[in-house]
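Q: I am attaching a structure below and will ask some questions about it afterwards.
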Amino acid sequence: MSEQIEQALERKYDAGFYSEIESETFEAGLDESIIRRISEMKGEPEWMLAWRLKAYETWLKMEEPEWAHVDYPKIDYQSISYYSAPKSMADKPQSLDEVDPELLRTYEKLGIPLHEQEMLAGVAVDAVFDSVSVVTTFRSKLEEAGVIFCPISEAVHKYPELVKKYIGSVVPRADNYFAALNSAVFTDGSFVYIPKGVRCPMELSTYFRINEMNTGQFERTLIVADEGSHVSYLEGCTAPQRDENQLHAAVVELVALDDATIKYSTVQNWYPGDENGVGGIYNFVTKRGICHTNAKISWTQVETGSAVTWKYPSCVLKGDNSVGEFYSVALTRGRQQADTGTKMIHLGKNTRSTIISKGISAGKSNNAYRGLVKMGPKADGARNFTECDSLLIGDTCGAHTFPYIESRNPTAIVEHEATTSKVSDEQLFLCQQRGLNPEKAVSMIVNGFCKEVFKELPMEFAVEAGKLLEISLEGSVG
Amino acid sequence: MLKINNLHARVEEKTILNGVNLEIKPGEVHAIMGPNGAGKSTLGYVLSGREGYEVLEGDVTFNNEALFDMEIEERASNGLFLAFQYPVEIPGVSNMEFMKESVNAVREQQGLEPLSAAEFLKSAKEACKQVQLPLDFLKRGVNEGFSGGEKKRNEIMQMILLKPSLCILDESDSGLDIDALQVVANGVNSQRDDKRSFIVITHYQRLLDFIKPDFVHILANGKIVKSGDASLALKVEKEGYAFLGKEFEGVEA
Chain A
1 MSEQIEQALE RKYDAGFYSE IESETFEAGL DESIIRRISE MKGEPEWMLA
51 WRLKAYETWL KMEEPEWAHV DYPKIDYQSI SYYSAPKSMA DKPQSLDEVD
101 PELLRTYEKL GIPLHEQEML AGVAVDAVFD SVSVVTTFRS KLEEAGVIFC
151 PISEAVHKYP ELVKKYIGSV VPRADNYFAA LNSAVFTDGS FVYIPKGVRC
201 PMELSTYFRI NEMNTGQFER TLIVADEGSH VSYLEGCTAP QRDENQLHAA
251 VVELVALDDA TIKYSTVQNW YPGDENGVGG IYNFVTKRGI CHTNAKISWT
301 QVETGSAVTW KYPSCVLKGD NSVGEFYSVA LTRGRQQADT GTKMIHLGKN
351 TRSTIISKGI SAGKSNNAYR GLVKMGPKAD GARNFTECDS LLIGDTCGAH
401 TFPYIESRNP TAIVEHEATT SKVSDEQLFL CQQRGLNPEK AVSMIVNGFC
451 KEVFKELPME FAVEAGKLLE ISLEGSVG
Chain B
1 MLKINNLHAR VEEKTILNGV NLEIKPGEVH AIMGPNGAGK STLGYVLSGR
51 EGYEVLEGDV TFNNEALFDM EIEERASNGL FLAFQYPVEI PGVSNMEFMK
101 ESVNAVREQQ GLEPLSAAEF LKSAKEACKQ VQLPLDFLKR GVNEGFSGGE
151 KKRNEIMQMI LLKPSLCILD ESDSGLDIDA LQVVANGVNS QRDDKRSFIV
201 ITHYQRLLDF IKPDFVHILA NGKIVKSGDA SLALKVEKEG YAFLGKEFEG
251 VEA
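Here the protein sequences line up with chains A and B, keeping their order.
Numbering-wise, the working numbering puts 50 at position 50 of the first sequence, and it's gapless, one number per residue.
Numbering-wise, the working numbering puts 37 at position 37 of the second sequence, and it's gapless, one number per residue.
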């Protein structure tokens, strides 16, 4: 069986192409002058530069974390270029017609047409290419509803008060090594503001693409949902196939004010490296949201790419009755390593959180769930439910679970369930006996295993996630 | 339809089948009985191609083609169906999804258009009724949390949907009470016609009261040691397997 499954799992990485685009790329290396230059390229105000420099100072004093269940050679931070942008973007194109057609073709090839008339109705896209945002669609339609959706570099100019107030408020500069690095050198990303009581009229999405060699991508996303508002945000990511590892260290901050709801979905498909573990993206990401009274944040992630993933989208449930959710599917194969999970920090009364994590490991990969559920002393009546399931395909992969529970309130209830299962010979045989080929069989079994998470994805993304697993598993799903 | 010629097979170094010969013509029902460990289930697995069941000698033709040259799923789409003795669960995959994929995979192999969701639903509902399973079984995960009897009925439902030409029922009666047994038997009988053939593997004559076989074969020590008509099953029921020889004395049916 294992041979058939191995074949079924052999994956093509469809997004592995490189676009010939003339770019302005900084020389490799990191020091204060690089940070000043990034800030200058973006024409930033003084306060932003000062904020970056403080972060850099902090980062210099920090050590790279080693506690994750992943293993990779030490990163030489001086061999990375911290800024790369298509030259054509220097003229700041005002409309799609002025954008380099090669850039638009890149996104088309990835299945994301940026012309509004060709797009999925109901999804606005911010396309980030290496260090800059290329275009943000449907802006005028969103503006009518009072929704701000723009590159964060633009928000720094246009909405400095909002940015100043919220940047670093959820993930402080000194939060961790990679967050500090990001704070110093972040280049672009999306900024979203939903005004009071507004239900965002369409799905918002950002599509991140790494293209240049030897560059890192350090994007920063900030979403603020004002009182009683509602937004659903999607993010996707891909990169060319090459033999060198590339670093992606992002920070995402979500602020859900009283009675607001933020739904944040990710389909992560960075280049995972080849079957021998050569190349691939190091995906070291800090994602966190804060929930005020009666607010709700829901993270859904489908992680199929990257050589190494280190990522824990978390919720700080500060307000009473606030709700945090984390739904995750992480698929590792080949030599991929993932250490992912969440933190649910219950501070307010009657706060509730749900964690559903599905890890699928195949090949020689390693897949770890790491999660913290913390019940603060004031979290009376707080509840958490965690379900953590691992599916093993073949017998050379690993699945690990590291749950941490800290409860300082006797009225809080924490539940944890965990299972580990294998795609068995018997299941495969049953499927084949009913006429299904092994690829389809494995794909169906894996999809069944992930069902609870997929149903949380917005419709457009559920289709994309299903397709991704198809590509990953080289089979089709109905 | 099916010709088994001098079939020898082993599982994990242990030879189980020792020269089985059997010919099945369209429309015939063959019952295979025999003591525990005789190789009855092994025969079903070897014919359907389960991994780990190694053919040592002999050959089998299915509709005049070499069966062992076909992949498991090819055998299925050519009309070979195995109703499992212990059907496995596939959590999260609904019965409906599973059967629709499966019916359409088989149809595709046969050069037929796939069934639309509505067409499939209609036939699935009918099949459900035939084996007296509530309709919500279509929505439940494949065999997930089904009782033993429900699993067996679910297998028959799949058989009805796939319309195979050769059905191998591996102890589809075991663990069933008399009512459930009748449901399973009715499901099978409804599918009998002059083209479709059945191999009914069973321990008990009881099932054969409901599914009337054309032939009964006794499998012992990996060989068919005796063949006859339905009366042979009654003889086994009455006398046990002692008539097969000394070594079977005291072995009950």
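Beta carbons: idealized from backbone N, C-alpha and C, even for Gly.
1. Of all the residues that make up the region 384-398 of chain A, which are near chain B by a beta-carbon distance shorter than 7 Å?
2. Cβ closer than 8 Å: which chain B residues qualify as neighbours of E436 (chain A)?
3. Under 7 Å Cβ-Cβ, which residues of chain B neighbour E426 (chain A)?
4. With a threshold of 9 Å between beta carbons, is E51 (chain B) in contact with chain A?
5. Counting Cβ pairs, one atom from each stretch, are 3 or more of them under 8 Å apart for the region 56-74 of chain B and the region 392-406 of chain A?
6. Return the bridge partner residues of E71 (chain B) from the DSSP annotation.
7. Threshold first: 4 residues or longer. Then list the alpha helix (DSSP H) segments lying entirely within the region 122-207 of chain B, N to C.
8. Tell me whether the beta-carbon of L331 (chain A) lies closer than 9 Å to the beta-carbon of G324 (chain A).
9. Rounded to the nearest angstrom, what separates D258 (chain A) and R199 (chain A) at their Cα positions?
10. Ends of the beta strand (DSSP E) at T304 (chain A)?
11. Between Q158 (chain B) and chain A, is any beta-carbon pair separated by less than 9 Å?
12. Just to confirm, is the Cβ distance from V128 (chain A) to G216 (chain A) under 9 Å?
13. Which of the three DSSP states is assigned to H157 (chain A) in this structure?
14. Would you kindly work out how many angstroms separate the C-alpha atoms of P134 (chain B) and R153 (chain B), rounded to a whole number?
15. Consider the Cβ of G478 (chain A): report whether some Cβ of chain B lies at a distance smaller than 9 Å.
16. In whole angstroms, what is the alpha-carbon distance linking N214 (chain A) and S81 (chain A)?
17. Quick check: is the beta carbon of A76 (chain B) nearer than 9 Å to any beta carbon in chain A?
18. At a CB distance below 9 Å, what residues from the region 19-52 of chain B approach chain A? Give them in sequence order.
19. Under the rule that 16 or more other beta-carbon atoms within 10 Å means buried, what is G376 (chain A), buried or exposed?
20. In this structure, how does DSSP classify E113 (chain B) when only helix, strand and coil are distinguished?
21. Taking the DSSP output, what are the residues bridged to Q337 (chain A)?
22. For F138 (chain A), count neighbouring Cβ atoms within 10 angstroms of its own Cβ and tell me buried if that reaches 16, exposed if not.
23. Here's the rule: buried if 16 or more other CB atoms are within 10 angstroms of the residue's CB, otherwise exposed. What is G394 (chain A)?
24. Whose C-beta lies closer than 8 Å to the C-beta of L244 (chain B) among residues of the same chain, with five residues either side of it excluded?
25. Helix, strand or coil for G273 (chain A) per DSSP?
26. Do we get a CB-CB distance below 9 Å when we pair L133 (chain B) with the residues of chain A?
27. Would you kindly report the start and end of the unbroken alpha helix (DSSP H) that includes I167 (chain A)?
28. Tell me where the alpha helix (DSSP H) around M551 (chain A) begins and ends.
29. Report yes if the CB atom of Y312 (chain A) is closer than 9 Å to the CB atom of R370 (chain A), and no otherwise.
30. Could you spell out the range, first to last residue, of the alpha helix (DSSP H) harbouring G448 (chain A)?
31. When Cβ atoms are compared, which residues of the region 353-378 of chain A fall closer than 9 Å to chain B?
32. Taking D320 (chain A) and T293 (chain A) to be in contact with their CB atoms under 8 Å, please state how far apart those CB atoms are, rounded to whole angstroms.
33. Would you verify that the beta carbon of R192 (chain B) is, or is not, closer than 9 Å to some beta carbon of chain A?
34. Count the other C-beta atoms from every protein chain shown that fall within 10 angstroms of the C-beta of W67 (chain A), then say buried if there are 16 or more, exposed otherwise.
35. Where does the unbroken beta strand (DSSP E) through R10 (chain B) begin, and where does it stop?
36. Expressed to the nearest angstrom, what Euclidean distance is found between the alpha-carbon atoms of D194 (chain B) and E28 (chain B)?
A: On the basis of the supplied data:
1. none
2. What sits at residue 436 (chain A) in the sequence shown is Leu, not Glu. The answer, in chain order, is E73, E101, S102, A105.
3. V88
4. yes
5. Touching, no.
6. According to DSSP, E71 (chain B) bridges with nothing at all.
7. 148-162, 178-190
8. no
9. 14 Å
10. From DSSP, T304 (chain A) is part of no beta strand (DSSP E); its letter is neither H nor E.
11. Yes - at least one Cβ of chain A is within 9 Å of the one on Q158 (chain B).
12. Cβ atoms of V128 (chain A) and G216 (chain A): not closer than 9 Å.
13. helix
14. 11 Å
15. Below a pLDDT of 50, predicted positions are generally treated as unreliable, and G478 (chain A), at 23, falls in that range; the measurement from the model is reported next regardless. So, interface residue.
16. Each residue's alpha carbon lies about 6 Å from the other.
17. yes
18. Y45, S48, G49, R50, E51, G52
19. buried
20. coil
21. A:V308, A:N366
22. buried
23. buried
24. I218, A220, V225, K226
25. coil
26. no
27. I167 (chain A) -> no alpha helix (DSSP H), and no H or E assigned at all.
28. Because chain A spans 1 through 478 in this model, residue 551 (chain A) falls outside it and cannot be assessed.
29. yes
30. 438-454
31. none
32. 5 Å
33. no
34. exposed
35. From DSSP, the beta strand (DSSP E) with R10 (chain B) extends over 2-11.
36. 8 Å
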